[in-house]
Amino acid sequence: MVAEFEADLNHLRTRDGVAIAKRKGKFKEKQPTLPESAQRSIRRPHAAGEVTLADLAEEYRVDRSTIHRVIHRSPAGEA
Numbered sequence: 001m002v003a004e005f006e007a008d009l010n011h012l013r014t015r016d017g018v019a020i021a022k023r024k025g026k027f028k029e030k031q032p033t034l035p036e037s038a039q040r041s042i043r044r045p046h047a048a049g050e051v052t053l054a055d056l057a058e059e060y061r062v063d064r065s066t067i068h069r070v071i072h073r074s075p076a077g078e079a
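Quick note on this note's numbering: the sequence shown kicks off at 1 and runs consecutively.
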């Protein structure tokens, strides 16, 4: 019971600290693995049916799940 209370306090402090850091502009989110230009060049051949996810993953040296995320996420600038 005491351990749960301490864990809850720690969680709240961490969340508050991250919120403060974001307001100050000090908190950096995780950066994308692939730059936007690479993401565009991944979407084109896949949309045309020229390559598979595995081929793209091997070419860009990332996991297939990364390629899948790139293909199914809307491009930057689109909502």
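Glycine included, C-beta positions come from ideal geometry on N, C-alpha and C.
Who are the near neighbours of residue i in its chain, counting only those whose CB is closer than 8 Å to its CB and skipping five residues on each side?
i, result
"G17", "none"
For residue i, which option in the options has the closest C-alpha, if you only look at C-alpha atoms?
i, options, result
"I67", "K24, E4, R43", "R43"
"S41", "H11, N10, Y60, P32", "Y60"
"I71", "A48, Q39, G49, D55", "Q39"
Using the C-alpha atoms, what's the distance from residue j back to residue i?
i, j, result
"A3", "T14", "16 Å"
"L56", "R64", "8 Å"
"L53", "F5", "46 Å"
"L34", "M1", "44 Å"
Going along the chain, which residues of its own chain have a beta-carbon closer than 6 Å to the beta-carbon of residue i, five neighbours each way excluded?
i, result
"V51", "P45"
Quick check on DSSP: helix, strand or coil for residue i?
i, result
"K30", "coil"
"R61", "coil"
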